[in-house]
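In this note's numbering, the protein residues as written are 524 to 768.
Don't be surprised by glycine CBs; every beta carbon is placed ideally from N, CA and C.
Please read these numbers as outputs of a predicted model, since none were measured by experiment.
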Ligand code: GLP
């Protein structure tokens with residue numbers, strides 16, 4: 524595990540974008556695993572700027588997103604597919620047919636999960652996976668549990684996650700209760716993983732995830748075992764780890 528300390532959100536975003544940028548330059552047809560939430564927005568903004576300056580070309584890049592709310596599709600502003608279009612895809616020269624998210628409108632969970640697992644395998648796996656972390660340690664929507672879920676599956680979101688994501692909706696009742704998410708094995712099988720963690724509100728979970736034991740109670744802790752995992756965190760998020768990391 525590699526730890527890169529950043530000053531603040533902007534610095535962490537730029538450093539993370541640099542890692543993604545290098546990946547795309549070195550392998551123009553990379554499969555990027557992408558994430559939603561507020562953590563990666565600054566990363567996407569930086570990538571858009573470099574694309575606009577002519578420094579980056581996404582024409583051959585393929586993407587697979589970690590997750591999607593069940594019951595939501597491109598027409599829903601809060602869906603992750605709409606988030607990705609708004610925050611990244613609509614602003615770069617990526618081929619929309621090369622961008623993939625679980626289909627939240629597919630009601631048959633078994634079918635959708637099998638289909639997404641096949642898709643990831645068909646692409647040859649993920650070259651670089653971008654991750655954020657939930658306040659309870661979730662990655663994608665892999666919530667704290669008694670065991671690590673392997674492949675894409677349908678999850679019941681915890682109240683903690685529903686509350687945290689309520690800020691994107693008009694009220695808490697509108698937050699979907701279920702989501703499709705890549706599993707822990709899918710994430711572990713990515714060749715490289717980079718996680719961005721910023722802000723004081725993430726300091727406690729960052730300490731638990733990376734200075735504590737590997738446990739499905741803190742899903743992100745499994746990343747300690749990944750052979751090419753980079754944590755990029757700002758001073759506020761690192762404030763409780765001292766020199767443990
Ligand atoms: C959601 C996403 C996660 C993300 C998490 C943290 O639950 N499914 O992929 O890491 O939110 O979001 P934020 O970066 O806004 O704190």
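Check each candidate in the options and name the one with the smallest Cα separation from residue i.
i, options, result
"residue 562", "586, 545, 534, 578", "534"
"residue 683", "532, 557, 670, 660", "660"
"residue 591", "573, 567, 632, 579", "632"
"residue 679", "593, 545, 587", "593"
"residue 688", "601, 536, 763, 636", "601"
"residue 575", "753, 663, 617, 531", "617"
"residue 732", "667, 544, 642", "667"
"residue 713", "529, 539, 554, 528", "554"
"residue 630", "607, 677, 647, 584", "677"
"residue 530", "586, 655, 722, 717", "722"
"residue 612", "581, 765, 536", "581"
"residue 572", "737, 537, 648, 702", "537"
"residue 766", "749, 754, 734, 750", "734"
"residue 690", "556, 560, 525, 549", "560"
"residue 764", "736, 726, 750", "726"
"residue 480", "736, 715, 675", "Missing from the structure shown is residue 480; the chain here goes from 524 to 768 and no further."
"residue 567", "608, 550, 635", "608"
"residue 552", "532, 647, 598", "647"
"residue 702", "556, 693, 694, 662", "662"
"residue 692", "583, 595, 532, 550", "595"
"residue 636", "672, 605, 549", "672"
"residue 615", "638, 768, 583", "583"
Measure the beta-carbon distance from residue i to residue j and round it to whole angstroms, keeping in mind my assumption that it falls under 8 Å.
i, j, result
"residue 720", "residue 729", "5 Å"
"residue 547", "residue 579", "6 Å"
"residue 589", "residue 704", "6 Å"
I'd like to know whether the C-beta atoms of residue i and residue j end up nearer to each other than 9 Å.
i, j, result
"residue 707", "residue 640", "no"
"residue 624", "residue 558", "no"
"residue 627", "residue 603", "yes"
"residue 724", "residue 658", "yes"
"residue 740", "residue 669", "yes"
"residue 717", "residue 651", "yes"
"residue 756", "residue 527", "yes"
"residue 569", "residue 545", "no"
"residue 525", "residue 753", "yes"
"residue 644", "residue 621", "no"
"residue 709", "residue 655", "no"
"residue 649", "residue 556", "yes"
Measuring from the CB of residue i, is there a heavy atom of the ligand GTP at a distance below 8 Å?
i, result
"residue 702", "Only the ligand GLP can be found as ligands here, which leaves the ligand GTP out of the picture."
Handout entry: Inter-stretch contact at 8 Å, needing at least 3 Cβ pairs: the region 743–750 / the region 689–700
Key = Segments in contact, no.
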